[in-house]
Amino acid sequence: MTPHAPVTPVTLFYDGHCPLCLREVAWLSRHPRRRRVRLVDIQADDFDPAALGVTVEALMGRLHLRDAEGRWYRGMDASRALYHGLGYRRLVWLSTLPGLRQVLDWGYLGFAHHRLRLGRWLGRGERCPGANKRER
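If you're matching positions, the sequence shown starts at 210 in the numbering used here and goes up one per residue.
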């Protein structure tokens with residue numbers, strides 16, 4: 210098994226107050242292989258991070274994905290595991306090439322840090338509801 214080959218179905222933990230996250234979730238909800246991905250909004254009132262042994266703050270800092278065997282993937286590795294599970298193996302392979310991997314990993318960290326601000330900007334100035342709630 211490759212490091213980015215999760216056992217499906219996987220659980221993707223997303224911020225339901227982030228416009229960019231919601232766009233991705235909407236796309237995943239329509240995806241032909243959507244049954245391979247369970248979506249969990251970490252901002253939902255009934256979400257309990259303690260049951261998973263994590264905190265909301267940790268989940269807000271980077272993308273988190275957990276596979277059917279309980280393995281966790283974080284950050285860009287979570288994206289790679291998600292897309293591998295959806296069948297985009299060539300894209301995942303490209304993202305692991307030397308040099309490109311480091312650029313994408315670094316770029317992801319910058320994106321994750323600024324995603325709420327980017328979401329507001331791309332949303333044409335609409336306020337992101339999660340900007341003050343549980344932000345890093």
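For every residue, glycine included, the Cβ atom is placed at its ideal position computed from N, Cα and C.
Extent of the continuous alpha helix (DSSP H) run through residue i
i	result
residue 223	From DSSP, residue 223 is part of no alpha helix (DSSP H) but of the beta strand (DSSP E) over 219-223.
residue 232	228-239
Terminal residues of the beta strand (DSSP E) in which residue i lies
i	result
residue 248	246-250
Nonlocal neighbours in the same chain, by C-beta distance under 6 Å from residue i, ignoring five residues either side
i	result
residue 395	Outside the displayed span of the chain (210 to 345) sits residue 395, for which this structure offers no information.
residue 345	Residue confidence for residue 345 is low, a pLDDT of 34 falling below 50, so the modelled location carries little weight; the figure read from the coordinates is stated next. Counting only Cβ-Cβ distances below 6 Å, and skipping sequence neighbours, we find 269, 270.
residue 213	289, 290, 293, 301
Best match in the options for proximity to residue i [C-alpha to C-alpha]
i	options	result
residue 249	269, 242, 329	269
residue 223	278, 287, 216, 241	287
residue 325	232, 312, 236	232
residue 247	276, 282, 312, 298	276
residue 218	274, 314, 235	274
residue 253	238, 298, 262, 226	226
residue 220	323, 284, 245	245
Backbone secondary structure at residue i - three-state DSSP
i	result
residue 297	coil
residue 243	helix
residue 258	helix
residue 253	coil
residue 216	coil
residue 306	coil
residue 263	coil
residue 330	helix
Per DSSP, the bridge partner or partners of residue i
i	result
residue 325	None, per the DSSP bridge assignment.
residue 274	221, 282
C-beta neighbour in chain C for residue i, strict 8 Å
i	result
residue 275	No chain C appears in this structure, which consists of one protein chain only.
Beta-carbon contacts of residue i that lie in its chain and below 7 Å, excluding the five residues immediately before and after
i	result
residue 310	304
Contacts around residue i, its chain only, beta-carbon distance under 8 Å, and the 5 residues preceding and following it disregarded
i	result
residue 216	276, 277, 278, 280
residue 241	none
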